[in-house]
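Colleague: Below is one structure. I have some questions about it.
Numbering (my numbering), first residue to last: 23 to 120.
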């Protein structure tokens with residue numbers, strides 16, 4: 023994983039698919055989690071300052087965590103995740119055009 027883009031100091035997710043590893047316990051970057059399970063990106067959350075966070079769920083233990091979006095994360099994957107709640111109401115053609 024590259025570490026030169028903004029928001030990559032404590033990154034533990036793939037910039038292409040946003041899949042993560044359960045490596046942090048309580049503090050971002052502490053790398054103290056014993057689980058080490060694979061974490062899937064479920065959704066996005068927006069902080070009061072406007073920064074996007076990826077919400078991950080661990081497939082091994084079920085823990086949820088939030089990780090900052092990094093500057094080199096796949097914008098299309100992020101946009102698709104952000105629009106997922108509207109998928110049933112948007113025409114499929116409009117989604118495919120993204």
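A virtual CB, placed ideally from N, CA and C, is assigned to each residue, including glycine.
1) Check each candidate in 71, 84, 64, 43 and name the one with the smallest Cα separation from residue 77.
2) Looking only at its own chain, which residues have a Cβ that is under 6 angstroms from the Cβ of residue 42, when we skip the five neighbours before and after it?
3) Going by beta carbon distance, what residues of the same chain come within less than 6 angstroms of residue 54, once the five residues before and after it are set aside?
4) Determine which residues share a DSSP beta bridge with residue 88 and list them.
5) Whole angstroms are fine: how far does the CA of residue 56 sit from the CA of residue 75?
6) Within its chain, find whatever has a CB closer than 6 angstroms to the CB of residue 87; leave out the 5 residues flanking it on each side and keep chain order.
7) Using C-beta distances below 8 angstroms, list every residue in its chain close to residue 38, excluding the 5 sequence neighbours before and after it, in chain order.
Modeller: Once the coordinates are examined:
1) 64
2) The answer, listed in chain order, is 34, 35, 61, 78.
3) Once the five neighbours on either side are set aside, the close Cβ partners of residue 54 are 47.
4) 77
5) C-alpha separation (whole angstroms): 23 angstroms.
6) 78
7) 96, 99
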